[in-house]
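Visitor: What the first sequence shows, in numbering that gives the first Met the number 0, is residues 0 to 575, in sequence order. Where is the CB? At the ideal position from N, CA and C, for every residue including glycine. All values reported here derive from a predicted model rather than from experimental measurement.
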Amino acid sequence: MIRSEIRKTIEAAVKSTFGDIAVPDFSVAAPENSEHGDYATNVAMLLARVVKKNPMEIAEALVRQLTIDNIQLTTTVAVPGFINFRLPDEVLQKEFSEILKRQEKYGSGAKKKEKINLEFVSANPTGPLTMANGRGGFLGDVLANILEKVGYDVIREYYINDAGFQITKLGESIFKAQNRFPFDIVFEYKAEYVKELANKIKLNNLDGVKLAALIIKAKDKFDVAKKVYSGLDKENQIIGMRMLLDNPRDKKNYDDLCSKYGYIACDELVSLIRLSLKKAGIKHDVWFSEEQNLHKKKELQKALELLRKKGLVNKKDGAEWLDDNVVIKSDGQSTYFLADLAYHYDKFVKRKFDIAIDVWGADHHGYVARMKNGMQAFGIDSNRLHILITQFVRLVKDGEEVRMSKRAGEFITLDELLEEVGLDAARFFFLMHSPDTHMDFDLDLAKKHSMDNPVYYVQYAHVRCQSILAKSQITNNKSQIKPKIQILNTTEERALIKKLFQFPEVVEDTARDYQAHRLTRYATELAGEFHNFYEKHRVITEDEAINEARLALVVAVKIVLGSVLDLLGVSKPERM
RNA sequence: GCCCUCGUAAUUGAAUGGAUACAAUACUCCCCUCCGAAGGGAGAAGUACAGGUUCGAUUCCUGUCGAGGGCACCA
Numbered sequence: 000m001i002r003s004e005i006r007k008t009i010e011a012a013v014k015s016t017f018g019d020i021a022v023p024d025f026s027v028a029a030p031e032n033s034e035h036g037d038y039a040t041n042v043a044m045l046l047a048r049v050v051k052k053n054p055m056e057i058a059e060a061l062v063r064q065l066t067i068d069n070i071q072l073t074t075t076v077a078v079p080g081f082i083n084f085r086l087p088d089e090v091l092q093k094e095f096s097e098i099l100k101r102q103e104k105y106g107s108g109a110k111k112k113e114k115i116n117l118e119f120v121s122a123n124p125t126g127p128l129t130m131a132n133g134r135g136g137f138l139g140d141v142l143a144n145i146l147e148k149v150g151y152d153v154i155r156e157y158y159i160n161d162a163g164f165q166i167t168k169l170g171e172s173i174f175k176a177q178n179r180f181p182f183d184i185v186f187e188y189k190a191e192y193v194k195e196l197a198n199k200i201k202l203n204n205l206d207g208v209k210l211a212a213l214i215i216k217a218k219d220k221f222d223v224a225k226k227v228y229s230g231l232d233k234e235n236q237i238i239g240m241r242m243l244l245d246n247p248r249d250k251k252n253y254d255d256l257c258s259k260y261g262y263i264a265c266d267e268l269v270s271l272i273r274l275s276l277k278k279a280g281i282k283h284d285v286w287f288s289e290e291q292n293l294h295k296k297k298e299l300q301k302a303l304e305l306l307r308k309k310g311l312v313n314k315k316d317g318a319e320w321l322d323d324n325v326v327i328k329s330d331g332q333s334t335y336f337l338a339d340l341a342y343h344y345d346k347f348v349k350r351k352f353d354i355a356i357d358v359w360g361a362d363h364h365g366y367v368a369r370m371k372n373g374m375q376a377f378g379i380d381s382n383r384l385h386i387l388i389t390q391f392v393r394l395v396k397d398g399e400e401v402r403m404s405k406r407a408g409e410f411i412t413l414d415e416l417l418e419e420v421g422l423d424a425a426r427f428f429f430l431m432h433s434p435d436t437h438m439d440f441d442l443d444l445a446k447k448h449s450m451d452n453p454v455y456y457v458q459y460a461h462v463r464c465q466s467i468l469a470k471s472q473i474t475n476n477k478s479q480i481k482p483k484i485q486i487l488n489t490t491e492e493r494a495l496i497k498k499l500f501q502f503p504e505v506v507e508d509t510a511r512d513y514q515a516h517r518l519t520r521y522a523t524e525l526a527g528e529f530h531n532f533y534e535k536h537r538v539i540t541e542d543e544a545i546n547e548a549r550l551a552l553v554v555a556v557k558i559v560l561g562s563v564l565d566l567l568g569v570s571k572p573e574r575m
């Protein structure tokens, strides 16, 4: 990679000029204005503070020592102290050959020893995936692709929250949808998919009788209770049927029944989720069940014991706390927080991942500090846990925001989104945006815009490469294709070549800071440079030498563009 | 009340503290005897506000305003 070679020669020059000083964290990047050069660095300006000298003088002192492969770089110094580089043809030629030689491996890194666990989507299995889940889903999927490309061993994981209150409520909602209750329940999952599940899931006879008996016991009190509850806020209404039962054993039986059928529904929903993800081109290697992998194996208790031994758990108001957060409620039940602690303990200690990346929705951002502190409590360096927050996608219809809620059944599913706008357009659209932005999503507009989506612009560049290569006869014998950088010396060709060379940099930067939208941007820029070149110059001409040189360029563009599209999970059409 | 994220062109977005803030869409106009125009070219338009740090601030800090989200033994 050219950038890292420039970086190396700068560091060497600094050391030889100023001795063994701490080199500041300088930048090497292609300047926006290409007249300044192919690359530029700010090292002299940063050094000015360290060595107390004029940045221009520092720059002048450094430039004579800057070489790649013992070739002196053409440099200029610009106020207030930028060093600009022009790359000699030999260097360009070498990098160009690298693309043709390594093909789709261009930009890949050597195998790294670190293992990464990348957990994403992890939507509650109480309903189908919404289009908002797509945002984190596409992000996680692409990040995994990128991290693998630079050489990490990546496990893609889905954490299934199949334990606790929500599963019980899901079961109860199924019963309700089966018309078993002669009254309303509170906190009900109310949507088409619940009705479908209700039709599909049959209670066995014994369970049916048990439930009927419990309902009869509760029925008398319902009218009274309804009057009492009507004045309460939502939080306190989450009482429902189980509170109508006096006997603790009845309550337990009722909960057990709800949970049992909640799990059955949950399994169905997980299957649906897997199907949706498959359609969205999102892959997971591990499906980690909270119930099976943590609760049944007593992992929560083990994690808790560990924290207790360290003396980090305090009792207050009958509950057990880790710092300001409850791990064991006063009724003796564990919290979700404890489950999450045990889960991440499992990732780092049991499964020995070096790095864990969690992609969460914005509704969890208040949870980040808590999780990191939790890791420190176990003695795990919290810097090994990276938590990425994707902001909400607001659904807009006729200029009005539509609140999405799984419980109320108000949402657009990921499946619907893909059907409406298509997989490539959907992936590209979501991945274009930084996860930090609050996106508005108007489905009608998205449909209309899907024809204007930059993804087609990028794909069309790939198609053009293909049709040129198909037209030429040389493609069948790739060994004939040699880069001839001296011939490719027009403005458009040079701009295109330099854009190609940025690919490894883009991959490397994204693997470091997880800003995956850089990739869609790069794809658009590369496609733009190619379209521009295509418009100005014919590849297939009478001149053999030009033919050969430009075909090599087209092959290189097709390779790199193909790699980007592969990373994005967007298809590479041969025709459109 | 406390905490987090965001505020850039008419719109949707981009910019590890760097040089003249970059694109796309929409708008006006121009370009196919074609390696498919799903393309190319030209035009106009922007950092919410007020301070501070710095050689240099869209970026960092403080405050104000605006949008979204979270938090008091839910998941």
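1. Can you tell me the Cα-Cα spacing of Ala47 and Glu56, whole angstroms?
2. Taking Cβ positions, are Thr454 and Ala494 nearer each other than 7 angstroms?
3. Given a cut-off of 7 angstroms on the beta-carbon distance, is the pair Thr519 and Pro127 in contact?
4. If I measure Cβ to Cβ from Lys220 and keep anything under 8 angstroms in the same chain, skipping five residues before and after, which residues do I get?
5. Would you mind stating whether Thr509 and Gly135 have Cβ atoms separated by less than 7 angstroms?
6. Compare the beta carbon distance of Glu576 and Cys257 with 7 angstroms and say whether it is the shorter of the two.
7. Let's test the definition: count the other Cβ atoms within 10 Å of the Cβ of Leu274 and tell me whether it reaches 16, buried, or not, exposed.
8. Run through DSSP, which three-state label would His385 get?
9. Using DSSP bridges, identify the partner residues of Ala445.
10. Just the C-alpha distance for Tyr157 and Phe287, rounded to the nearest angstrom, thanks.
11. In chain order, what residues of the same chain have a beta carbon less than 8 angstroms from the beta carbon of Leu468, not counting five sequence neighbours either side?
12. Candidates Ala29, Val62, Val141 and Ala211: which alpha carbon is nearest His516's?
13. With contact counted as at least three CB pairs below 8 angstroms, one residue from each stretch, are the stretch 299-310 and the stretch 328-346 in contact?
14. Can Met240 and Ile184 be called in contact, C-beta distance under 7 angstroms?
15. Report the option in Glu418, Leu268, Gly80 and Tyr253 whose CA atom is closest to the CA atom of Ala445.
16. Asp152: which of Lys112, Phe180 and Tyr366 sits nearest, CA to CA?
17. Any idea if His364 is buried or exposed, counting beta-carbon neighbours within 10 angstroms, 16 or more meaning buried?
18. Roughly how many whole angstroms lie between the Cα atoms of Gly139 and Tyr459?
19. Could you tell me which whole alpha helix (DSSP H) segments of length 4 or greater appear in the stretch 111-152?
20. For Asn292, which of helix, strand or coil comes out of DSSP?
21. Looking only at its own chain, which residues have a Cβ that is under 6 angstroms from the Cβ of Val576, when we skip the five neighbours before and after it?
22. Find out if the Cβ-Cβ distance for the pair Ala212, Leu311 is shorter than 7 angstroms.
23. For Ile496, report the span of its beta strand (DSSP E) as first-last.
24. From what residue to what residue does the alpha helix (DSSP H) around Arg463 run?
25. Which of the three DSSP states, helix, strand or coil, is assigned to Met370?
26. How far does the alpha helix (DSSP H) with Lys199 in it extend, from its first residue to its last?
27. Grab me the residues of Lys576's own chain with a C-beta within less than 7 angstroms of its C-beta, minus the 5 sequence neighbours each way, in chain order.
28. How should Gly378 be labelled, buried or exposed, when 16 other C-beta atoms within 10 angstroms of its C-beta is the threshold for buried?
29. Less than 6 angstroms between C-beta atoms, sequence neighbours within five positions excluded: which residues of the same chain meet that for Ser107?
30. If you reduce the DSSP assignment to three classes, tell me which class Ser333 lands in.
31. Helix, strand or coil: how does DSSP classify Gly36 here?
32. Pick helix, strand or coil for Ile539, following the three-state DSSP scheme.
33. Using the C-alpha atoms, what's the distance from Ser466 back to Lys259?
34. With 16 other CB atoms within 10 Å as the buried threshold, where does Asp345 fall?
35. Mapping DSSP to helix, strand and coil, what is Ala338?
36. Report yes if the C-beta distance between Val392 and Met438 is below 7 angstroms; otherwise report no.
Guide: Straight from the coordinates:
1. Those two C-alpha atoms are separated by around 9 angstroms.
2. According to the sequence provided, residue 454 is Val. The question's Thr does not apply to it. No, the Cβ-Cβ distance between Val454 and Ala494 is not below 7 angstroms.
3. No, Cβ-Cβ distance for Thr519 and Pro127 is not below 7 angstroms.
4. Excluding residues within five positions, the ones whose Cβ falls inside 8 angstroms are Leu243.
5. No.
6. Residue 576 lies beyond the range of the chain shown here (0 to 575); nothing can be said about it.
7. When all chains shown are included, Leu274 counts as exposed.
8. His385 falls in the strand class under three-state DSSP.
9. Partner(s): none; Ala445 has no beta bridge.
10. As the crow flies, the alpha-carbon of Tyr157 is around 6 angstroms from that of Phe287.
11. Same-chain partners within the cutoff: Thr474, Leu550, Val553, Val554 and Lys557.
12. Of the candidates Ala29, Val62, Val141 and Ala211, the one whose C-alpha sits nearest the C-alpha of His516 is Val141.
13. As far as the Cβ criterion goes, the stretch 299-310 touches the stretch 328-346, which means the pair count is three or higher.
14. Taking a C-beta distance under 7 angstroms as the contact criterion, Met240 and Ile184 qualify as a contact pair.
15. Of the candidates Glu418, Leu268, Gly80 and Tyr253, the one whose C-alpha sits nearest the C-alpha of Ala445 is Glu418.
16. Considering only alpha carbons, the answer is Lys112.
17. Under this definition His364 is an exposed residue.
18. A direct Cα-Cα distance of roughly 26 angstroms separates Gly139 from Tyr459.
19. Listed in chain order, the alpha helix (DSSP H) elements of length 4 or more contained wholly in the stretch 111-152 are 130-148.
20. In the structure shown, the three-state DSSP call for Asn292 is helix.
21. Lying before the first or after the last residue shown, residue 576 is absent from the chain, which here runs from 0 to 575.
22. Result no, Cβ atoms of Ala212 and Leu311 do not sit closer than 7 angstroms.
23. Ile496: not part of any beta strand (DSSP E); member of the alpha helix (DSSP H) spanning Thr490 to Phe500, first to last residue.
24. From DSSP, the alpha helix (DSSP H) with Arg463 extends over Pro453 to Lys470.
25. In the three-state reduction of the DSSP assignment, Met370 falls in the helix class.
26. For Lys199, the uninterrupted alpha helix (DSSP H) run begins and ends at Glu191 to Lys199, by DSSP.
27. Shown here, the chain extends from 0 to 575; a query on residue 576 therefore has no answer.
28. Under this definition Gly378 is an exposed residue.
29. Only Lys148 meet the Cβ criterion.
30. Judged by DSSP in its simplified three-state form, Ser333 adopts strand.
31. Gly36: coil per DSSP, three-state reduction.
32. Coil at Ile539, not helix or strand.
33. Lys259 and Ser466 have their C-alpha atoms some 58 angstroms from each other.
34. Counting C-beta atoms within 10 angstroms of its own C-beta, Asp345 has 16 or more neighbours from the protein chains shown and is therefore classed as buried.
35. Ala338 falls in the helix class under three-state DSSP.
36. Taking 7 angstroms as the Cβ cut-off, Val392 and Met438 qualify as a contacting pair.
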